[in-house]
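There are 4 protein chains.
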Amino acid sequence: MIIVMKQNAQKDEVEKVEERLAEMGFGPHRIEGTGRVVIGAVGEQKIAFPTGLEVLAGVERVVPITAPYKLVSRQAKETSSIIKVGDLEIGGKELVVMAGPCAVENEDQLLTIARAVKAAGAQVLRGGAFKPRSSPYSFQGLEEQGLQMLETARRETGLKIVTEVINPQEVEMVAGYTDIIQIGARNMQNFSLLREVGRSKMPVLLKRGLAATLEEWLMAAEYVLAENNFQVILCERGIRTFETSTRSTLDISAIPQAKELSHLPVIADPCHSSGNWRLADPLSRAAVAAGVDGLLIEVHHKPAEALCDGPQSLTPENFEQLLAAVNPIAAAMGRSLPGKARPGMAEGL
Amino acid sequence: MIIVMKQNAQKDEVEKVEERLAEMGFGPHRIEGTGRVVIGAVGEQKIAFPTGLEVLAGVERVVPITAPYKLVSRQAKETSSIIKVGDLEIGGKELVVMAGPCAVENEDQLLTIARAVKAAGAQVLRGGAFKPRSSPYSFQGLEEQGLQMLETARRETGLKIVTEVINPQEVEMVAGYTDIIQIGARNMQNFSLLREVGRSKMPVLLKRGLAATLEEWLMAAEYVLAENNFQVILCERGIRTFETSTRSTLDISAIPQAKELSHLPVIADPCHSSGNWRLADPLSRAAVAAGVDGLLIEVHHKPAEALCDGPQSLTPENFEQLLAAVNPIAAAMGRSLPGKARPGMAEGL
Amino acid sequence: MIIVMKQNAQKDEVEKVEERLAEMGFGPHRIEGTGRVVIGAVGEQKIAFPTGLEVLAGVERVVPITAPYKLVSRQAKETSSIIKVGDLEIGGKELVVMAGPCAVENEDQLLTIARAVKAAGAQVLRGGAFKPRSSPYSFQGLEEQGLQMLETARRETGLKIVTEVINPQEVEMVAGYTDIIQIGARNMQNFSLLREVGRSKMPVLLKRGLAATLEEWLMAAEYVLAENNFQVILCERGIRTFETSTRSTLDISAIPQAKELSHLPVIADPCHSSGNWRLADPLSRAAVAAGVDGLLIEVHHKPAEALCDGPQSLTPENFEQLLAAVNPIAAAMGRSLPGKARPGMAEGL
Amino acid sequence: MIIVMKQNAQKDEVEKVEERLAEMGFGPHRIEGTGRVVIGAVGEQKIAFPTGLEVLAGVERVVPITAPYKLVSRQAKETSSIIKVGDLEIGGKELVVMAGPCAVENEDQLLTIARAVKAAGAQVLRGGAFKPRSSPYSFQGLEEQGLQMLETARRETGLKIVTEVINPQEVEMVAGYTDIIQIGARNMQNFSLLREVGRSKMPVLLKRGLAATLEEWLMAAEYVLAENNFQVILCERGIRTFETSTRSTLDISAIPQAKELSHLPVIADPCHSSGNWRLADPLSRAAVAAGVDGLLIEVHHKPAEALCDGPQSLTPENFEQLLAAVNPIAAAMGRSLPGKARPGMAEGL
């Protein structure tokens, strides 16, 4: 790190900072500028920011030099990670497609949708049994009963399952039913939960928080890896901005950035980010063109009657069309979509 | 709610929406505009947004009319609530002052600070035993040992205690040590945790999330009240914006807004919002002038060596000065500060 | 519009609002809800928001129903507009590629870059002669001399020219040299300037402001169209958010939204939005996949010595690679890139 | 500045950066860290960011050390500036109160309001003759006729005048009528306009842009000072954030920050920032408690019929109450309000 002293910092203030750096195990390296002193702190130890040095007399600010994450970093592992979920590989040449309803509502609904997304080519069925809802009066999910329905759907269709967990106490139970555990955007910095899913050794789908910087998102993943669980899939799902025409703003730049800084696979959730199924198509194409390793799509056979998030859910027909539209983009990226052969968009549209 | 149809919506699309409204128990009320149809839905039932109607053919958007919160609303309870913590009243004429270190580090540290803030006039000691840190490598708190130290400090000083809980499983244990349970900004939408602290029937200090709208913040409080626990204190602690000169942006407008929309007391946290102890003074004065019912201040006797958030911690001397600076503002607002008689700022500065 | 009355609004307050609506020429249409009254205002006239009704006693809020823009709207013109610049068509099947340096520095620099981007396939040369810089001490552009160099480059290469104007007084002069006038992000709501470029009847490239909502952006375009100049090209260039890893956040969702709401062509500027040339590639691909009609790219033969925005400038080689990478995405979208035949990415990379 | 090299930067890449620094006139100062090299650049010259060094091979990023502003800085002038407008001093012990309608509508309206705000104690009359409106169909102001009415109001009441200019060409004309020239938020980075008002040598009220960082705001002021016009008053008027319950978010922290970094006076505009007259009261009190040197308040005798911004306008009665509410806060800050003696709030409310 670099300690920038104030322009009028006194000689003894500079010395005091250097002493403190030495106590912290850093080799202080002073640069006498024309207007002020700047001190480089040389050393290997990782420290947390803010450091405490900020409050010493004469200090203007402290500039971190190295990123705070370690295990998630490309410097720790140069090759892109492939997360294996049974015979499914996430992060390879074939894109992963996860699809299904926002919430598991009943067995009929789930099986109808599961069969439809399977037929369209999805490999993973999503569906919430524990729903974090902004209102206590909204449908909160079927809980364990919902997990049982997901298990039934898995047995019937062969799809893998991804479902959200919201309480550290329930991680073990959820892990017993699912293939991938989802951490939702609102829980991205629920560190008790992150540690618990880390300990579960299950593949984890980690959604970015609505106000989380790229660095904080990677640090949240670091919590899981620090428990010796390296199976993390990052999911960009939009950030909160001033723009109100979409529910949140898909941060398309975060996709190549996350893939450059980290070795973990990255997928995108175009439905939650926009809150509008009509945008799922262009946003999915854009995400694939930006380099994602997969898509998470909300599908419901009767969106108008869905117990949650109907407006951002595609019908099975729309979902088929979305995959058809994404297919030529995937091909252009040297990637492929799972499932049946598809006509290219240039031909098909 | 109001359903706004598209300009080119067909007659049968309008009828379909009205049928669906009737099924949902609403009396549809059609307005034929010059350019389009708008349908008012009359009825008492609360429904969650989005409603599903958004995806019906011909619908442009659905506009909620009533706020989604009930129990926290001023319409539910016109008079401002006063939360009682033993003999302490929060929300009354006297402002509440909560102060202490970011983290409990050891007994000496805690007692030193506790005595200092008590002497300056604080009524509540804050101190974290479970720390939600963005890095897994940062100090995570002393956990139950830290709670025991807080108990010791309470016994020694008579201060009430407020401390954070981050895991639903630990609510009962934390409740056994503290007077007020804090829900941190990162957990504002950790609904399992909110429900659990609701069930605990303890006073709850609910910090606003960094990306939470005013409405979402009140809805989070609603989760606690919905468990029949009405003892919630709202705490404005800054929101995330593009401005980087402060750690977050204290949303000063949210203070009068929250107090107008809700009957709950509101306090402010000038240290976390700015990340800079030098701003604690003007922000505390501003918050009191905007109508808060109290302040939450970080105090550390050795900020440069604090295990967390040193740069935003005041020394006991600075804390005394802050209260002296706030005192005349409180008086101007017809409020008072606890503790010893203070000189007014106009005289004192 | 809809006027939502307060829950406790009095009968005479409701009547007062209805009277005022009648005075304003609206037919008031009252809906008696279970908890409150809501009034629909029926009429054709466009009024500005806020309306003044907001301050009448008993009024809680006023909800606009129709969008405030007219001429830019798809309702005004259903087919997508194609802007003609000589023999160049913007908004058609072929994507437009505009490329060149941030600032015109000297004739050698400009011609070197112009020839390179021409060779790579660009149809339009960009280059600033009047530079809006955040510091008065930064290079402010060569002004008219720079425009003359652009003219020379046009003559030598046959490229069309796009350059920024920052002062209404200079519109006529700039129009004498350029083919397309650019309005920069900082001037998106410089209404004097918008009106002046409207009157010039020149094609206008309108960048979105850093804090402009989609609606405000379209309203800025409306200023130009209201002067009877329909040749506006919208340019998404990123919005300001809390994320600091990029200079701004490319709002990828705004691309399909703008194209759905408006008939105007939309292009993207991946360099300014990210501030990082390494992201130009994935962001260009994403923008094309989201449906843009063209790209605006910064190219400099010596980025490290550029007088402005070097870090976001591509070298001519990188620019060639970017087009090669974008080409198969364009093809997948049923679009084409100008210039020489290119290998597809799946083969080429 | 500090150049942070990548972890794997080669020796010759480091040397190349040092050579380039030397060419730019900086003394390079290398620090060999355990993981990477960091280079301090020592020298007095101001350079613009980005610097171009960012694109050199092996460079990770460039960290500025010194602020980019000079003349506006407290380091350039330690004592707080007092701007003199005739016999009025802005930035002294007495707060300045500027009040009046959003737009000048007609002579009757203006004189009625002018007399009312004068009676209540205001020293400056605000009123727009050139209105930057987001819609071309909204009332755009009476232009020079409006300026003549302001002159009449000045003659009749003795109030000073502040009014906005939006076009560089009109600066001279506006300067002939007004005492203070206002630069609106949308024009904060209209550099042609800033330079022109700088040359006018008139006092300038510079509103912060909706997406402007504190640093960009100070740099905009620097444009005026760089023309040798030191009479700039900064005006905080809210920034754009995700929160929708207010029109924008008053950045209360920016007030003490601007006053610490700069010697210029700072005032606040509680009406524009909130868009809601009901918040003018608490926000004005908060701004004064945070240290502003004055307030800018919208007042209209018939807000419901105002041609612009009625909902954020106070009636003359509300304006009187606002000053009465602010008065004891001002006193608590050791400041005073202009005009008649006022009861303190503690007594008066």
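So the sequence lines, in the order shown, correspond to chains A, B, C and D.
What the first sequence shows, in this note's numbering, is residues 1 to 349, in sequence order.
What the second sequence shows, in this note's numbering, is residues 1001 to 1349, in sequence order.
What the third sequence shows, in this note's numbering, is residues 2001 to 2349, in sequence order.
What the fourth sequence shows, in this note's numbering, is residues 3001 to 3349, in sequence order.
Where is the CB? At the ideal position from N, CA and C, for every residue including glycine.
Proximity of residue i and residue j at Cβ, strictly below 8 Å
i	j	result
I3002 of chain D	V3038 of chain D	yes
A3175 of chain D	I3181 of chain D	yes
P316 of chain A	A120 of chain A	yes
L2314 of chain C	S2284 of chain C	no
E18 of chain A	T3034 of chain D	no
A3286 of chain D	A1331 of chain B	no
V1299 of chain B	G1100 of chain B	yes
L2159 of chain C	A2129 of chain C	no
T1157 of chain B	K1118 of chain B	yes
T3244 of chain D	T1241 of chain B	no
Terminal residues of the alpha helix (DSSP H) in which residue i lies
i	result
P136 of chain A	Looking at the DSSP string, P136 of chain A is not in any alpha helix (DSSP H), and its letter there is neither H nor E.
V1165 of chain B	Premise fails: V1165 of chain B is in no alpha helix (DSSP H) and is neither H nor E.
R3208 of chain D	No alpha helix (DSSP H) contains R3208 of chain D, which DSSP labels as neither H nor E.
G2040 of chain C	It is not in any alpha helix (DSSP H) - G2040 of chain C instead sits in the beta strand (DSSP E) that spans 2037-2042.
G146 of chain A	144-157
Cβ-based neighbour list, residue i, same chain, cut-off 6 Å, excluding 5 preceding and 5 following
i	result
L349 of chain A	Since pLDDT at L349 of chain A reaches only 36, below the 50 mark, its modelled position is unreliable, and the value read off the structure follows with that caveat. If we look at L349 of chain A and ignore the five residues flanking it on each side, it has no Cβ neighbours.
M1149 of chain B	V1104, E1107, L1110
G2040 of chain C	I2002, H2029
K3077 of chain D	H3263
G344 of chain A	Any answer about G344 of chain A is weak, because its pLDDT of 47 lies below 50 and its placement is not dependable; what the coordinates show is given next. For G344 of chain A, where only same-chain residues beyond five positions count, the Cβ hits under 6 Å are P328.
V1162 of chain B	M1098, V1124, R1126, I1180, Q1182, L1205
V3062 of chain D	M3001, I3003, T3051, L3053, E3054
Y3137 of chain D	none
C168 of chain A	In the sequence as displayed, the identity of residue 168 of chain A is Pro instead of Cys. Excluding sequence neighbours, P168 of chain A sits near S192, L193, E196.
H1272 of chain B	R1237
N-terminal and C-terminal residue of the beta strand (DSSP E) that residue i is part of
i	result
C1235 of chain B	1232-1236
Q1182 of chain B	1180-1183
I3297 of chain D	3294-3298
I2031 of chain C	2027-2032
A3099 of chain D	3096-3100
M219 of chain A	It is not in any beta strand (DSSP E) - M219 of chain A instead sits in the alpha helix (DSSP H) that spans 214-225.
V4 of chain A	2-5
Supposed contact pair residue j and residue i - C-beta distance, whole angstroms, cut 8 Å
i	j	result
D3293 of chain D	L3095 of chain D	6 Å
P1270 of chain B	A1254 of chain B	The pair is not a contact, with the Cβ atoms about 14 Å apart (cut-off 8 Å).
Y69 of chain A	E222 of chain A	5 Å
G3058 of chain D	K3006 of chain D	5 Å
S135 of chain A	A1048 of chain B	6 Å
L2071 of chain C	L2225 of chain C	4 Å
Cutoff 8 Å; reference residue i; Cβ partners in own chain excluding five residues on either side
i	result
R3133 of chain D	F3139, Q3140, C3308
A2346 of chain C	Since pLDDT at A2346 of chain C reaches only 40, below the 50 mark, its modelled position is unreliable, and the value read off the structure follows with that caveat. P2328.
Q2189 of chain C	G2209, A2212, E2216, A2220
H301 of chain A	Q109, T112, I113, A116, T315, P316
G3334 of chain D	K3093
Own chain partners of residue i with C-beta closer than 7 Å, once the 5 adjacent residues on each side are dropped
i	result
G2275 of chain C	T2246, R2247, P2311, Q2312
R3020 of chain D	L3053, L3056
V3266 of chain D	L3234, E3236, I3255, A3258, K3259, V3292, D3293
E227 of chain A	R195, G198, R199
Completely contained alpha helix (DSSP H) runs for the region 3235-3274 of chain D, where each covers 4 or more residues: 3254-3261, 3270-3274
Can you list, in chain order, the stretches of the beta strand (DSSP E) that have 3 or more residues and sit fully within the region 1071-1115 of chain B? 1083-1085, 1088-1090, 1096-1100
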